[in-house]
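Report on one structure; see the data block that follows.
2 protein chains.
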Amino acid sequence: MVRRGPTLARQAALEILDGIRSGELAGEDGLLPSEAALSQRLGVSRATLREALSQLEHSGMIVRRHGIGTFVSRGQPLMESGLEQLESLETLARRTGVDSHMGQCDIEERVATRVEADALGLPAPVRVFAVERVMLSGERPVAYLIDVVPTDVLDPRQLRESFHGSVLDLLLERGDPPLQHSHTELCAEAASPELARAMRLEPGDPLLRLTAQLYTTDGRAVDYSVSYFSPGHFRFHVIRRVSQLAPPSGGWTTDRASDRAVDGIGKQGAAEPNASDRARETGDAARDPDAGDRELAAVSP
Amino acid sequence: MVRRGPTLARQAALEILDGIRSGELAGEDGLLPSEAALSQRLGVSRATLREALSQLEHSGMIVRRHGIGTFVSRGQPLMESGLEQLESLETLARRTGVDSHMGQCDIEERVATRVEADALGLPAPVRVFAVERVMLSGERPVAYLIDVVPTDVLDPRQLRESFHGSVLDLLLERGDPPLQHSHTELCAEAASPELARAMRLEPGDPLLRLTAQLYTTDGRAVDYSVSYFSPGHFRFHVIRRVSQLAPPSGGWTTDRASDRAVDGIGKQGAAEPNASDRARETGDAARDPDAGDRELAAVSP
DNA sequence: CAGTGGTCTAGACCACGAG
DNA sequence: TCGTGGTCTAGACCACTGT
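Keeping their order, the protein sequence lines are chains B and G.
In terms of our numbering, the first sequence is residues 1 to 301.
In terms of our numbering, the second sequence is residues 1 to 301.
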């Protein structure tokens, strides 16, 4: 019973998706079978099925209503997602049926700038490929993309042979290194004269700028990118959820903690005699487990 | 053993957070106790503990490494979050230790415009409160916020008494209706003369604009807001994850599905004799279970 | 190899919504 | 009251990592 491949939950999610797409699963009111029924039908435990449903819910395909049932989401053909889903511009365009192609492209091997090395979490004198290009939709420039990748992640041959506009797609296709997430910062910026020329806009026109670091599953940054988007051509959105961690106003004190036992941390002698409050500032970035999340919304007055 | 209140997992997450903050849980390398140890220490099952850790991981507080352990994230004092966490500007400012207060505020009761009614998913002639104000940091205007709320969600007394700058915080404090998520669209926009005057900028200066609809747990939209942010004062980011659903390039076929049984949907006779492929287009929005996710990144060439 | 996190199961009970 | 999704448990086995 070798497993290998995607998790059971993911397989189940895709099976359900198929069932929805073909119309075999949901009634015309969009109601899916109950969790018990689905789990039996798919031959998985209810826990696994729920994990699958969670994935589908998180991508917005279904909606769950306590005490009622699980429904197929309304809206256009099952297709998904906002900014929180990491995908390339090319994939986005293909998915939404829009023509897009690469305009002028400039690949250069050089030493990383200070900012780039910082963003990648690497010591300053590191060699990188810098890829700059314009993306067009029809004849109109709609985005200007810059990627900076350490040369040990991508070699020049691969880059020149397999590159068709997206570094992300290239890495995903190769499957190595395994990618996990991207930390993307958003801001508005006025077009510089150079950018304006490349994108055929007026200098000073507002652009949406995304600055991203791409991380592998083991926390290494492998791509630093800056992207400019001409307004009106793209619509980016995010689903913002109310925090699962924030206390529900007024704060609540232990009520179950009194009869259960969720209070073992600061009270009785710890099983692990750990150190004092000494702030963690050991300056080794070598086995740093994340190396670059954090510091998210900062305000500078 | 009445429960009431937050889930066990959430309590556990907060306990762990406390343990991290006080420095009692992690060694100076940031390594937390193993899941087995933690679950025993907190008196919860490992499954529940893992749910708690997942919440912490999702907010970026910890990093998990298969075969190694769970680590406290690097970065400044534990404090979190990007755009995917829904919080008010006031909360953000307080959290980051920045002074912020409301400038001129204008509350008006009127009939919703077509755009507003559409965004709220309500029939056109509906009465709303429109709240417009400038947010200042020190003396500098840093954001311009507009909220539109149906009058049946908020009554004038509450609005005038409890409003201190954030409609979101007002609703969260009241706890009713229960909020779930916000669908937020981002774009860059040049400041109009009016906006420029209110924010003491030059007309044409680039602004980041967030357009959001706020939804309750039962899928009703209760707030439509447009927010403009002066560049340089805020940093917004998003964590973009590689899709859990997308096949890992090349697609994979059943490999476990052959010995397990994840294939019950399109093959043998379904337990539920459901309808044909007839597209679901029944035009009733009444009991629509989501009414407003979807259509995310669209491109208009 | 031992120890860690990752996945999965079977079963239990609770909370919610509708008839 | 009944059926739904929501939470929790105890235990099992797997896959990854370091030694």
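The C-beta atom is built at its ideal place from N, Cα and C for all residues, glycine as well.
Note that the structure is predicted; figures quoted are calculated from it, not measured.
| field | the region 80-92 of chain G in contact with the region 238-246 of chain G per 3-pair CB rule at 8 Å | value | yes
| G/L145: contacting residues in chain B (beta-carbon distance under 7 Å) | As a position in the second sequence, residue 145 of chain G is number 145, starting the count at 1. None at all; the shortest Cβ gap to chain B is about 15 Å.
| message | On a Cα-Cα basis, can you pick out the residue from B/G232, B/S39, B/H183 and B/G27 that is closest to B/R140? | response | Here residue 140 of chain B is taken as the residue at index 140 of the first sequence, counted from 1. Nearest of B/G232, B/S39, B/H183 and B/G27 to B/R140, Cα basis: B/G232.
| Residue nearest to G/E189 in terms of C-alpha spacing, selected from G/S182, G/R157 and G/S230 | For the purposes of this step, residue 189 of chain G is identified with residue 189 of the second sequence, where counting begins at 1. It is G/S230 whose Cα lies nearest to the Cα of G/E189.
| task | Taking B/D176 as part of the alpha helix (DSSP H), name the residues at either end of that continuous run. | result | One-based indexing of the first sequence puts residue 176 of chain B at position 176. That residue, B/D176, is in no alpha helix (DSSP H); it is neither H nor E in DSSP.
| query | So which residues of chain B does G/S59 contact, with C-beta pairs closer than 7 Å? | reply | Here residue 59 of chain G is taken as the residue at index 59 of the second sequence, counted from 1. Per Cβ cutoff of 7 Å: L245.
| Where B/L49 and G/E132 are concerned, what is the direct C-alpha to C-alpha distance, given to the nearest angstrom? | Position 49 of the first sequence holds residue 49 of chain B. Position 132 of the second sequence holds residue 132 of chain G. About 45 Å.
| The beta strand (DSSP E) enclosing B/S162, as first and last residue numbers | Residue numbering aside, residue 162 of chain B sits at position 162 when the first sequence is read from its first letter. B/S162 -> not in any beta strand (DSSP E); alpha helix (DSSP H) instead, spanning P156 to S162.
| C-alpha gap between G/V222 and G/Q180, whole angstroms | Residue mapping note: residue 222 of chain G aligns to position 222 of the second sequence, counting from 1. Residue mapping note: residue 180 of chain G aligns to position 180 of the second sequence, counting from 1. Cα to Cα, G/V222 sits roughly 11 Å from G/Q180.
| query | Given a threshold of 16 other Cβ atoms within 10 Å of its Cβ, counted over all protein chains shown, does B/H66 qualify as buried or as exposed? | reply | In the first sequence, the residue the question calls residue 66 of chain B occupies position 66. That one is exposed.
| Which first and last residues belong to the beta strand (DSSP E) in which B/E109 is found? | Along the first sequence, one-based indexing puts residue 109 of chain B at 109. B/E109 -> beta strand (DSSP E) spans H101 to V111.
| said: Can you give me the C-alpha to C-alpha distance between G/V128 and B/P6, rounded to a whole angstrom? | reply: If you number the second sequence from 1, residue 128 of chain G lands on position 128. If you number the first sequence from 1, residue 6 of chain B lands on position 6. Straight-line Cα distance between these residues: approximately 49 Å.
| query | From the beta carbon of G/Q85, is the nearest beta carbon of chain B less than 8 Å away? | reply | As a position in the second sequence, residue 85 of chain G is number 85, starting the count at 1. Chain B, which has a Cβ nearer than 8 Å to the Cβ of G/Q85, makes this yes.
| task | Just tell me which of B/D118, B/H183 and B/F71 has its CA closest to the CA of G/H58. | result | Here residue 58 of chain G refers to the residue found at position 58 when the second sequence is read from its first residue. Ranking B/D118, B/H183 and B/F71 by Cα distance to G/H58 puts B/H183 first.
| field | DSSP state of B/S276 mapped onto helix, strand, coil | value | The sequence position of residue 276 of chain B within the first sequence is 276, counting from 1. The predicted model places B/S276 with a pLDDT of 32, which falls under 50 and marks its position as unreliable; any figure quoted below should be read in that light. In this structure, B/S276 counts as coil in the three-state DSSP scheme.
| Short CB-CB distance (under 8 Å) between G/V134 and chain B | Indexing the second sequence from 1 puts residue 134 of chain G at position 134. No, no contact with chain B.
| Rounded to a whole number of angstroms, what is the C-alpha to C-alpha distance between B/A198 and B/G60? | For the purposes of this step, residue 198 of chain B is identified with residue 198 of the first sequence, where counting begins at 1. For the purposes of this step, residue 60 of chain B is identified with residue 60 of the first sequence, where counting begins at 1. About 36 Å.
| the region 164-174 of chain G / the region 212-226 of chain B touching (three or more Cβ pairs under 8 Å) | no
| query | In this structure, what does DSSP give as the bridge partners for G/L186? | reply | As a position in the second sequence, residue 186 of chain G is number 186, starting the count at 1. B/F236 and G/L210, per the DSSP bridge assignment.
| query | Where B/D155 and B/T113 are concerned, what is the direct C-alpha to C-alpha distance, given to the nearest angstrom? | reply | By 1-based counting over the first sequence, the position of residue 155 of chain B is 155. By 1-based counting over the first sequence, the position of residue 113 of chain B is 113. Approximately 19 Å between the Cα atoms of the pair.
| Name the DSSP beta bridge partners of B/V134, please? | What you label residue 134 of chain B is simply residue 134 of the first sequence in a count that begins at 1. In the DSSP output, where bridge partners are listed per residue, B/V134 has B/Y144.
| message | Under 8 Å, with one C-beta from each stretch per pair, do the region 205-223 of chain G and the region 113-123 of chain G reach the 3-pair mark? | response | yes
| said: Quick check: is the beta carbon of G/T184 nearer than 8 Å to any beta carbon in chain B? | reply: By one-based count along the second sequence, residue 184 of chain G stands at place 184. It does: the Cβ of G/T184 has a partner Cβ on chain B nearer than 8 Å.
| said: For the ligand ADP, is there any heavy atom lying closer than 7 Å to the beta carbon of G/E28? | reply: For the structure depicted, the ligand ADP is absent and the ligand set is empty, with no information on it obtainable.
| task | For G/R10, return the contacting residues in chain B, with the cut-off set at a CB-CB distance below 8 Å. | result | For the purposes of this step, residue 10 of chain G is taken as the residue at position 10 of the second sequence. Per Cβ cutoff of 8 Å: Q244 and L245.
| said: Per the DSSP calculation, G/T216 is bridged to which residue(s)? | reply: Numbered from its first residue, the second sequence carries residue 216 of chain G at position 216. In the DSSP output, where bridge partners are listed per residue, G/T216 has G/L179.
| request: Run down chain G in chain order and give the residues with a C-beta less than 9 Å from the C-beta of B/Q180. | output: Stepping through the first sequence from its first residue, residue 180 of chain B is reached at position 180. Those within 9 Å of B/Q180 in chain G are R241 and V242.
| field | Beta-carbon proximity of B/A26 to B/I20, cut-off 8 Å | value | Taking the first residue of the first sequence as position 1, residue 26 of chain B is located at position 26. Taking the first residue of the first sequence as position 1, residue 20 of chain B is located at position 20. Yes, these two residues count as a Cβ contact at 8 Å.
| message | Quick check: what's the CA-CA separation for G/L32 versus B/Q55? | response | Translated into the one-based positions of the second sequence, residue 32 of chain G becomes position 32. Translated into the one-based positions of the first sequence, residue 55 of chain B becomes position 55. Computed Cα separation, rounded: 27 Å.
| request: List the residues of chain B whose Cβ lies closer than 9 Å to the Cβ of G/E189, in chain order. | output: Taking the second sequence and counting its residues from 1, one reaches residue 189 of chain G at position 189. By Cβ distance, chain B contributes A188, P206 and P231.
| request: Could you tell me whether the Cβ of B/G219 comes closer than 8 Å to any Cβ of chain G? | output: Along the first sequence, one-based indexing puts residue 219 of chain B at 219. Interface residue, yes.
| Does the beta-carbon of B/D99 have 16 or more other beta-carbons within 10 angstroms, so that it is buried, or is it exposed? | In the first sequence, residue 99 of chain B corresponds to position 99, counting from 1. B/D99 comes out exposed.
| Spatial neighbours of G/A130 in its chain, beta-carbon cut-off 6 Å, leaving aside the 5 residues before and after | In the second sequence, residue 130 of chain G corresponds to position 130, counting from 1. Cβ neighbours of G/A130 beyond the five flanking positions: E108 and V148.
| query | When Cβ atoms are compared, which residues of the region 143-173 of chain G fall closer than 7 Å to chain B? | reply | L172 and E173
| field | CB contact below 8 Å: B/L14 versus chain G | value | Numbered from 1 along the first sequence, position 14 holds the residue referred to as residue 14 of chain B. B/L14 counts as touching chain G.
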